[in-house]
Amino acid sequence: MRKLVPGIMAAALFFMGWAAPLSAAPAAPAPAFPADRDIISDKTPALDWSDVAGSTYTVQVATAADFATVTVSSAAIYFSSYTLAGAEELARGSTYYWRVRASDATGDSVFSSTFSFTVTQNRISYTLELDTTTPLALPLNFSRFLKSLDLISSTTNQYQTLMPESLLDATTYYWRVRAVDEGGNIGPYCTDTKFVTANPLAAPILGPPANGKRLLSGVPLLDWTDVAGSSYTLYVSTSLDFQPLKISSAAITLSRYQVKTADALADLTTYYWRVRALAGSDVSISSVSMFYINTISTAALMFPADRDIIADKTPTLQWSIPASLTDILFTAEWSVNQNMSGAASASGLTTGYYTLGGGEALTRGSTYYWRVKTMDDAGTTLTSSTFSFTVTQNRISYTLELDTTTPLALPLNFSRFLKSVDLISSTT
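Under our numbering, think of the first position of the sequence shown as 15, with each following residue one higher.
As structure tokens, this is what we get:
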């Protein structure tokens, strides 16, 4: 067999059809809008199709599917959309066919599949009249009901929807619509139609506890405003989206709920809660509020100590306080009765002490009982133990006489022995 040299072999392979293939042309784009068999009102629509990387495009619009008569032909389009110019305006009531192809350095793709669309016969706008009286008469005060007069106009022949705002509750309204075409021809109004707005169910307002408050108990009382004729459902969760629920209690007949011991909320935990009101088929729901559980011990009484004897008729009562006083209030109570009946009190205190005022002066020779209550925004109250103290019958002071001789005789030279004469007086 004769051996071929490399150059001759390459030439032979080429003539035998084995030469390396050239780069392929780009893929055809896919038409997107107008969709196939669509109905549009715009006479200069924006044609849109899928991207083909690195390509420019040629789009054609024709009045026949065979594109024998091309109405629009535009090439070298750099984006995958093309808006017809005014000179390319389409005729109303006509059906058009369109297609697109991609081009790059390797050549042109085949044309895409062909889509058709129809331009509506006439561009229609609508006028809405709305008022609380009938027969309707212009001019109407649309500003009471509508954001903008533009909202009452439409450019298609589809069903139109308008959302008026600021309509009055439980009120009868009358409305009618008429159409106007592009040529200025005005159609008749439809028959006046009426509707009645509902009287929406008020939403409960939460609190106490107010939003963001710290609570002292894991079984707080949750309260909200009444919604007449309603029952309620309470939702409590550690998550703002209420998943999962810690408490879901329905058919509550009162506008408050005492958390049950079995459902006790965890300490040092934030909870979110809301309430739904139900009256017949009407439903409303509150906004979301939150609270934080932080249980503490009762206040520890410090002064006067239990069974103490004091001389001051307006003493300063002192007790221990928690590390954080956020959302915590104290009430100090004192009484001559051990059962605290007839007790005097000072409430709304934010510190760990209270000094009795002149009008609250205690009686000498009497024994008093006192205690402190700690309260949160939900009304949870922690009551301390009760201490007693006695106010002395009389205020006693003492005089000291000191010298090197006896019997002692005044005047004495105290400066030889004492820092200050004040040191020889006492009130206890």
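Glycine included, every Cβ here is placed at the ideal spot set by N, Cα and C. Note that the coordinates shown come from a computational prediction; the quantities given were computed from them, not determined experimentally.
The beta carbons of residue 396 and residue 230 sit closer together than 8 Å. Nearest C-alpha to residue 206 among 49, 264, 143: 143. In this structure, residue 118 sits near residue 68, with a CB-CB distance shorter than 8 Å. Cβ neighbours of residue 400 within its own chain (closer than 6 Å, five residues either side excluded): 383, 385.
Annotation: residue 269 to residue 228 spans about 21 Å, alpha carbon to alpha carbon. According to the DSSP assignment, residue 86 belongs to the beta strand (DSSP E) that extends over 84-91. Taking a cut-off of 8 Å for Cβ pairs, the region 235-254 and the region 284-293 touch, as three or more such pairs fall below it.
DSSP, reduced to helix, strand and coil, places residue 277 within a helical segment of the structure shown. Its chain contains 186, 187, 189 as the residues whose beta carbon lies nearer than 8 Å to that of residue 209, once the 5 sequence neighbours on both sides are disregarded; these appear in chain order. Runs of beta strand (DSSP E) with 3 or more residues, each lying fully within the region 317-375, are found at 322-324, 330-333, 343-349, 358-363, 367-369, listed in chain order. With a cut-off of 8 Å on Cβ pairs, the region 232-248 is not in contact with the region 341-352, counting fewer than three such pairs. With a threshold of 16 other beta carbon atoms within 10 Å, residue 80 falls short and is exposed. Looking at the DSSP output, residue 122 sits in a beta bridge with 117.
A residue is called buried when at least 16 other Cβ atoms come within 10 angstroms of its Cβ; residue 331 meets this threshold and is buried. Under DSSP, the beta-bridge partners assigned to residue 227 are 305. Relative to residue 297, the option among 86, 122, 216, 123 whose CA is nearest is 216.
Under a 10 Å Cβ-count criterion, residue 376 is classified as buried, with 16 or more other Cβ atoms of the shown protein chains found around its own Cβ. Here residue 313 is buried: its Cβ has 16 or more other Cβ atoms, across all protein chains shown, within 10 Å. Here residue 125 is actually not in contact with residue 48; their C-beta atoms are around 17 Å apart, not less than 8 Å.
When secondary structure is reduced to three states using DSSP, residue 101 falls in the helix class. Taking C-beta atoms as the reference points, residue 283 and residue 310 fail to come closer than 8 Å. Counted as a single uninterrupted DSSP element, the stretch harbouring residue 257 is not any beta strand (DSSP E), since DSSP gives it neither H nor E.
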